[in-house]
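Some notes on the structure that comes next.
In this note's numbering, the protein residues as written are 1316 to 1766.
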């Protein structure tokens, strides 16, 4: 089990406009999948631009423990020597997932159709997150699970699972919009005889479908009566690939909002992935009046990419369409920061999923922004925010710190709030930022000192 670290508190304060150019790390979702799919392919997959945060390194360690070669080269690329679908070995020790829900849920899918037994553990935050949404369909395929009982009888880590071989193909309709659940079932289908089908009433990020197709899986996607129907043919043979990982739009989001809020900012964020199932935040911010310009739009590794030029803008509150939630679910914490300084009211709804992330992100952001001087009303499925009209937040006092609950996105969102405050914002712990964006503080300092 991961051990808690000594907290690393820090006060974030305005340090001048954000200018120049920055490049955020590689997309986390694509990085996880590059390692997993490379480990299940035959031959050597080479990945450039891989995110080297703690979450992705947990995936790398797990695939090594099950027989794949995963190594960083001297020039910063990563080589993954795959064992082929069906070739995973039983790990000799528990797989420590750290804080990574993506690693956990996708690996559960991979293991579910291999005839091996594995125990998955995680840190205190991950161990509170519900796993029943994944164990339900995978159990239907024949996998067996022993889980720790969580709150309200939810299934949580530590978890021991026994994969089924052969597993049983199923047709599964997602009860909630979740790319992780969808991906877990599709990955279990890779080594399952026959056709495994996932029905998605609400589209979610589609990196799994794009990348599995690129690796040679026989996968189809159809629109039927408003549903997205995804079918994968089992006992697949995946082929090794050369992968270039675009910049993570979830990481770029913090710099986009910072540049919109800090007066005088004119910042270019390079190489940002703009997959339409991920980039809804930028559309919402444009609706609010944000100046976000796409430069040199192109395609990298099958994914749309552009450089984003972002300039300080006067934002106006809006009612955010709940239909966009799946395409920006991880970006709502930093959107709440932007809304806190907009003119008028911003209303968000349909965000129940935020209560079961690394923390209860609705409650955590409501408390944190209120402490920093914002006007927030917390509702069951969203926040209502009455913005300041561009007036900076007051910030936190010298003896107050916002509580991040070991959640990297709470920490980074409130760091951005600190840049848009008169007194700065004290964040109780910046250590969790390393899970997804280890260079965040360095890049933030670089952008603020570029003029």
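Glycine included, C-beta positions come from ideal geometry on N, C-alpha and C.
Between residue 1439 and the set 1432, 1428, 1448 and 1473, the nearest pair of CA atoms involves 1473. In the same chain as residue 1517, and ignoring 5 residues on each side of it, the C-beta atoms closer than 7 Å to its own belong to 1492 and 1641, in chain order. Boundaries of the beta strand (DSSP E) harbouring residue 1326: 1325-1327, taken from the DSSP string. With a 10 Å radius around the Cβ and a threshold of 16 neighbouring Cβ atoms, residue 1760 comes out exposed. In the DSSP assignment, residue 1476 falls within the unbroken beta strand (DSSP E) covering 1470-1477. Excluding the 5 residues flanking it on each side, residue 1507 has same chain C-beta neighbours closer than 6 Å at 1428, 1482, 1484 and 1549, in chain order. Close CB contacts of residue 1521 within its chain, under the 6 Å cut and outside five residues either way in sequence, are with 1592 (chain order). Inter-residue distance for residue 1513 and residue 1425 is about 16 Å (C-alpha atoms, whole angstroms). For residue 1536, the beta-bridge partners assigned by DSSP are 1545. Per DSSP, the continuous alpha helix (DSSP H) segment holding residue 1503 begins and ends at 1494-1505. The three-state secondary structure of residue 1517, taken from DSSP, is coil.
Assignment of residue 1550 by DSSP, reduced to helix, strand and coil, places it in the coil class.
In the three-state scheme derived from DSSP, where H, G and I count as helix and E and B as strand, residue 1602 is classed as helix. Contact between the segment 1668-1676 and the segment 1533-1550 is absent: fewer than three C-beta pairs spanning the two stretches fall below 8 Å. For residue 1419, the uninterrupted alpha helix (DSSP H) segment begins and ends at 1416-1427. In chain order, 1332 and 1627 place their CB closer than 7 Å to the CB of residue 1579, counting only its own chain and leaving out the 5 sequence neighbours on each side.
Residue 1731 is not a Cβ neighbour of residue 1571, given a cutoff of 7 Å.
Taken in chain order, the whole beta strand (DSSP E) runs of length 3 or more contained in the segment 1340-1417 are 1356-1363, 1384-1387 and 1393-1398. Pairing residue 1754 with residue 1700 gives a Cβ-Cβ distance that is not under 7 Å. In this structure, residue 1665 places its C-beta atom within 7 Å of the C-beta atom of residue 1637. DSSP places residue 1672 outside both helix and strand once states are collapsed to three, so it counts as coil.
In the DSSP assignment, residue 1736 forms a beta bridge with 1708. Following the DSSP letters along the chain, one finds residue 1648 inside the alpha helix (DSSP H) bounded by residues 1647-1655. Per DSSP, the continuous alpha helix (DSSP H) segment holding residue 1569 begins and ends at 1564-1576. A residue is called buried once 16 or more other Cβ atoms fall within 10 Å of its Cβ, and residue 1679 is buried on that count. At the C-beta level, residue 1494 and residue 1519 come within 7 Å of one another. Proximity to residue 1631 across 1361, 1704 and 1685 peaks at 1704, based on C-alpha coordinates.
When DSSP states are grouped into helix, strand and coil, residue 1338 belongs to the strand group.
About 5 Å separates the Cβ atoms of residue 1456 and residue 1503, confirming a contact at the 8 Å cut-off.
The residues 1361 and 1363, in chain order, have a CB closer than 6 Å to that of residue 1392 in the same chain once the five nearest residues on each side in sequence are set aside. Scanning 1388, 1366, 1401 and 1408 for the CA closest to the CA of residue 1377 turns up 1408. Residue 1404 counts as exposed, since fewer than 16 other beta carbons sit within 10 angstroms of its beta carbon. Within its own chain, the residues whose Cβ lies closer than 6 Å to the Cβ of residue 1723, once the five positions on either side in sequence are excluded, are 1747, 1748, 1750 and 1751, listed in chain order. Linking residue 1712 to residue 1496 through their CA atoms gives a straight-line distance of about 42 Å. Note on geometry: alpha-carbon atoms of residue 1688 and residue 1469 lie some 35 Å from one another. For residue 1421, the CB contacts under 7 Å within the same chain, skipping 5 residues up- and downstream, are 1347, 1351, 1495, 1498, 1499 and 1502 in chain order.
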